[in-house]
Amino acid sequence: PAIAARMFGALAKEGINIDMISTSGIRISCLISASRIEDAVKAIHKEFNLDKAGEEQ
Numbered sequence: 015p016a017i018a019a020r021m022f023g024a025l026a027k028e029g030i031n032i033d034m035i036s037t038s039g040i041r042i043s044c045l046i047s048a049s050r051i052e053d054a055v056k057a058i059h060k061e062f063n064l065d066k067a068g069e070e071q
C-alpha cells in the first residue's frame, strides 16, 4: 500500500488525473491522459529516485 500511495501522491502533486487503476501483488498500473504521459513518468521517476539511475547515491 505504501508504494501505491507514493505513486498516486506523486501524480496528484503534478495534477495528473488517474482514469483507471489496476493492481496485483507485484504490479501497479494506471490509465492517464496521453498528453500527460511524459509528466507522469518524470513524477514517478523523481518520487522513487529513478531519475538518478546510474549515479552514485
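Here the sequence shown stands for residues 15 to 71, numbered as in the working numbering.
Glycine residues also receive a C-beta, built at the ideal position from the N, C-alpha and C atoms.
Treat the numbers as computed from the prediction; the structure is a model and nothing was measured.
On the DSSP bridge list, what partners appear for residue i?
i	result
I42	T37
Is the beta carbon of residue i sitting closer than 8 angstroms to the one on residue j?
i	j	result
R20	E61	yes
T37	A18	yes
So what does DSSP say about residue i, is it helix, strand or coil?
i	result
G29	coil
F62	coil
What number of angstroms, rounded off, separates the C-alpha of residue i from the C-alpha of residue j?
i	j	result
C44	D33	7 angstroms
K66	G29	23 angstroms
A48	R41	20 angstroms
Below 8 angstroms CB to CB, which residues in the same chain sit around residue i once its five sequence neighbours on both sides are set aside?
i	result
I58	M21, A24, L25 and L64
I46	L25, I30, N31, I32, D33 and A54
Tell me which residues share the same chain as residue i and place their Cβ nearer than 6 angstroms to its Cβ, disregarding the 5 neighbours each side in the sequence.
i	result
I35	C44
Short of 7 angstroms in beta carbon distance, which residues of its chain neighbour residue i, apart from the five on each side in sequence? Order them along the chain.
i	result
R50	I30
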